[in-house]
Amino acid sequence: MTRPAWHILREDGALTLARRLPARFDFGAEAAFPRVGRLRLARQIRQDMWRALQSLRGFAPVVRVEITGDGVQVRAGGQVDGNFPRQRASDTVAALLQDPAHRARWIAHADGGRHG
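Sequential numbering of the sequence shown, starting at 1, is according to UniProt numbering.
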């Protein structure tokens, strides 16, 4: 079995990890993180976001990690074709991005890949 293709776009200090192109945010949330490996951070967030929203039919995750002055700004969410509970999906992602246990694990993992 082959692994599904994930698109990794790098542009102007930002990295976007998306299941489909063009990457589209029908919903999402943002959070600031310390400067760590962008790709490692994006992958960890994408995995946990998928676990939280896998029952959302037609969901295609998108995570964008952009370098800021002293850290990175993450926008996580994604694309959903059709009707879906937009506010509930946004709230789920926002809660995930602010969860202290998830943040600690993501940062610890991504800190090993500072250059990503």
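The beta carbon of each residue, even a glycine, is placed where N, CA and C say it ideally should be.
Whole-Å CB distance - residue i paired with residue j, under 8 Å assumed
i, j, result
"A31", "Q87", "Going by Cβ atoms, the distance from A31 to Q87 rounds to 18 Å, so no, they are not a contact pair."
"F27", "G77", "5 Å"
"A60", "Q79", "4 Å"
Beta carbon proximity, residue i to chain B, threshold 8 Å
i, result
"G13", "This model lacks chain B altogether; it includes just one protein chain."
Residue range of the beta strand (DSSP E) that includes residue i
i, result
"A29", "27-34"
"P85", "Where P85 is concerned, there is no enclosing beta strand (DSSP E), given that its DSSP letter is neither H nor E."
DSSP three-state assignment for residue i, whether helix, strand or coil
i, result
"Q79", "strand"
"P100", "helix"
"Q73", "strand"
"R43", "helix"
"R10", "strand"
"G112", "helix"
"A5", "coil"
"L56", "coil"
Contact check, residue i vs residue j, beta carbons under 8 Å
i, j, result
"L17", "R51", "no"
"D48", "H102", "yes"
"V65", "A14", "yes"
"D23", "L39", "According to the sequence shown, residue 23 is Ala rather than Asp. Contact: no."
"F25", "V62", "yes"
"L41", "A89", "no"
"R35", "G71", "yes"
Opposing strand residues paired with residue i [DSSP bridges]
i, result
"P22", "In the DSSP output, where bridge partners are listed per residue, P22 has none listed."
"V63", "L17, A76"
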